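*Asks:* Sharing a structure, written as structure tokens. Questions coming.
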Amino acid sequence: MSTLSPSAKLDELMGREQRKTPSWIGDAIYGVNDGLGAIFGIIAGVAGYTGNNQTILISGFFGALASTLSMAAGAWLATRSENELLDKAFHEARRDIEQNREREIQILSLIYETRGFEPHEAKDIAERIARDDELFLTTMAQEKHGIHEASRGNPWGAALSGGLSTFIGGVVPLIPFFFMHGLAAVIAAAAVSLAAHFVVGALKSLVTVRSWWSSGIEMTIAGIIVGIVSYLLGLAGSHVL
Numbered sequence: 000m001s002t003l004s005p006s007a008k009l010d011e012l013m014g015r016e017q018r019k020t021p022s023w024i025g026d027a028i029y030g031v032n033d034g035l036g037a038i039f040g041i042i043a044g045v046a047g048y049t050g051n052n053q054t055i056l057i058s059g060f061f062g063a064l065a066s067t068l069s070m071a072a073g074a075w076l077a078t079r080s081e082n083e084l085l086d087k088a089f090h091e092a093r094r095d096i097e098q099n100r101e102r103e104i105q106i107l108s109l110i111y112e113t114r115g116f117e118p119h120e121a122k123d124i125a126e127r128i129a130r131d132d133e134l135f136l137t138t139m140a141q142e143k144h145g146i147h148e149a150s151r152g153n154p155w156g157a158a159l160s161g162g163l164s165t166f167i168g169g170v171v172p173l174i175p176f177f178f179m180h181g182l183a184a185v186i187a188a189a190a191v192s193l194a195a196h197f198v199v200g201a202l203k204s205l206v207t208v209r210s211w212w213s214s215g216i217e218m219t220i221a222g223i224i225v226g227i228v229s230y231l232l233g234l235a236g237s238h239v240l
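If you want it as structure tokens, here you go:
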């Protein structure tokens with residue numbers, strides 16, 4: 000017979016569900032996706048504009064570097080902003096409880112009534128929760144403000160995951176240019192990039208409800224469109240400039 004408390008049991012069960020698909024996997028997949036799409040577009044456009052292998056490689060590398068820094072900074076700022084919103088919600092919940100505790104108990108009771116509890120049941124639950132100050136605070140933050148402490152993220156972890164995965168995705172289209180030159184390198188880069196698009200799209204099924212093949216084909220089509228449009232724009236630019 001288990002001796003765990005209800006909160007410990009809940010953490011254990013929720014932990015099992017969360018371990019099925021860790022949050023960093025989704026961040027990494029989307030980071031690779033952004034890096035791959037952006038740099039494939041850059042090298043396709045530059046390849047259309049000039050066939051110079053060194054120019055394509057340098058443009059792609061610095062594009063990957065810029066995308067990496069941008070993604071890392073964006074992930075850091077986004078996660079920090081979300082944490083600040085959490086802090087604000089908890090601050091407001093604490094202030095409301097301190098200023099008018101009975102009103103907050105009544106609000107919590109009414110919230111539970113809207114969820115199907117009888118008035119006396121809802122009032123009893125709200126009053127029981129209010130006996131524990133910390134439980135009352137976290138409950139009001141969640142029920143009234145829609146905020147849960149478990150949503151708090153690590154800005155540095157998000158920056159590292161987003162930045163590193165973006166760089167990896169950005170480097171993939173550049174690999175052929177380290178070993179090949181000219182049209183052969185461009186064709187090889189396109190083949191590698193489209194294959195990577197399919198793999199990344201298939202991996203997205205880990206964090207979505209889409210089938211792996213459908214998501215993979217969708218990403219591949221998107222990559223084809225990006226590559227063709229970028230190449231044609233680069234080609235047009237070479238005749239205009």
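Numbering (numbering that gives the first Met the number 0), first residue to last: 0 to 240.
By construction, the Cβ of each residue, glycine as well, lies at the ideal position given by its N, Cα and C atoms.
Remember, predicted model here, so these are calculated numbers, not experimental data.
Is it right to say Trp75 is buried, meaning 16 or more other beta carbons lie within 10 angstroms of its own, or is it exposed?
*Replies:* The sequence position of residue 75 within the sequence shown is 76, counting from 1. Classification for Trp75: buried.
*Asks:* So for Thr113, helix, strand or coil by DSSP?
*Replies:* Residue 113 sits at position 114 when you count from the first residue of the sequence shown. In the structure shown, Thr113 sits in coil (DSSP, three-state: anything other than H, G, I, E or B).
*Asks:* Would you mind stating whether Gly34 and Ser66 have Cβ atoms separated by less than 8 Å?
*Replies:* For the purposes of this step, residue 34 is taken as residue 35 along the sequence shown, with counting starting at 1. For the purposes of this step, residue 66 is taken as residue 67 along the sequence shown, with counting starting at 1. Yes, these two residues count as a Cβ contact at 8 Å.
*Asks:* Do Gly59 and Leu173 come within 8 Å of each other at the CB atom, strictly closer than that value?
*Replies:* One-based indexing of the sequence shown puts residue 173 at position 174. One-based indexing of the sequence shown puts residue 59 at position 60. Against a cut-off of 8 Å, the Cβ pair of Gly59 and Leu173 comes out as a contact.
*Asks:* Less than 8 Å between the C-beta atoms of Thr138 and Glu148, yes or no?
*Replies:* The residue given as residue 138 occupies position 139 in the sequence shown. The residue given as residue 148 occupies position 149 in the sequence shown. In this structure, Glu148 does not lie closer than 8 Å to Thr138 by Cβ.
*Asks:* In this structure, how does DSSP classify Thr138 when only helix, strand and coil are distinguished?
*Replies:* Along the sequence shown, one-based indexing puts residue 138 at 139. If DSSP states are grouped into helix, strand and coil, Thr138 belongs with the helices.
*Asks:* Quick check: the Cα distance between Glu117 and Gly161, rounded to an integer number of angstroms?
*Replies:* For this step, residue 117 is matched to residue 118 along the sequence shown. For this step, residue 161 is matched to residue 162 along the sequence shown. Roughly 47 Å between the two C-alpha positions.
*Asks:* How should Leu202 be labelled, buried or exposed, when 16 other C-beta atoms within 10 angstroms of its C-beta is the threshold for buried?
*Replies:* For this step, residue 202 is matched to residue 203 along the sequence shown. Its Cβ being crowded by 16 or more others within 10 Å, Leu202 is buried.
*Asks:* Return yes when the Cβ of Ser192 is within less than 8 Å of the Cβ of Gly169, no when it is not.
*Replies:* Residue 169 sits at position 170 when you count from the first residue of the sequence shown. Residue 192 sits at position 193 when you count from the first residue of the sequence shown. Cβ distance not < 8 Å, so Gly169 and Ser192 don't count as in contact.
*Asks:* Is DSSP giving Asp95 helix, strand or coil here?
*Replies:* If you number the sequence shown from 1, residue 95 lands on position 96. Reduced to three states, the DSSP call for Asp95 is helix.
*Asks:* Quick one: what's got a C-beta closer than 8 Å to Leu109's C-beta in the same chain, skipping five residues either side?
*Replies:* Position 110 of the sequence shown, counted from the start, is the residue given in the question as residue 109. Answer for Leu109: Ala121, listed in chain order.
*Asks:* Distance, Cα to Cα, Ala43 vs Glu83?
*Replies:* Against the sequence shown, residue 43 aligns to sequence position 44. Against the sequence shown, residue 83 aligns to sequence position 84. Ala43 and Glu83: Cα-Cα distance of roughly 40 Å.
*Asks:* Assuming the contact rule is C-beta atoms closer than 8 Å, Ala63 and Phe166 should be a hit. Round their C-beta distance to whole Å, please.
*Replies:* The sequence position of residue 63 within the sequence shown is 64, counting from 1. The sequence position of residue 166 within the sequence shown is 167, counting from 1. Ala63 to Phe166, Cβ: 6 Å. Contact.
*Asks:* Taking the alpha-carbon of Ile186 as reference, which of Lys143, Arg151, Thr207 and Ile227 has the nearest alpha-carbon?
*Replies:* Here residue 186 is taken as the residue at index 187 of the sequence shown, counted from 1. When each option's Cα is compared against that of Ile186, the closest is Ile227.
*Asks:* Would Tyr111 and Ile124 qualify as a contact pair, given that the criterion is a beta-carbon distance under 8 Å?
*Replies:* Here residue 111 is taken as the residue at index 112 of the sequence shown, counted from 1. Here residue 124 is taken as the residue at index 125 of the sequence shown, counted from 1. Cβ distance < 8 Å, so Tyr111 and Ile124 count as in contact.
*Asks:* How would you label Leu182, buried or exposed, when you count the other beta carbons within 10 angstroms and need 16 or more for buried?
*Replies:* Residue 182 sits at position 183 when you count from the first residue of the sequence shown. So Leu182 ends up on the exposed side.
*Asks:* When every heavy atom of the ligand SAH is checked, does at least one fall within less than 7 Å of the C-beta of Ala188?
*Replies:* The model on display carries no ligand, and the ligand SAH is accordingly not part of it.
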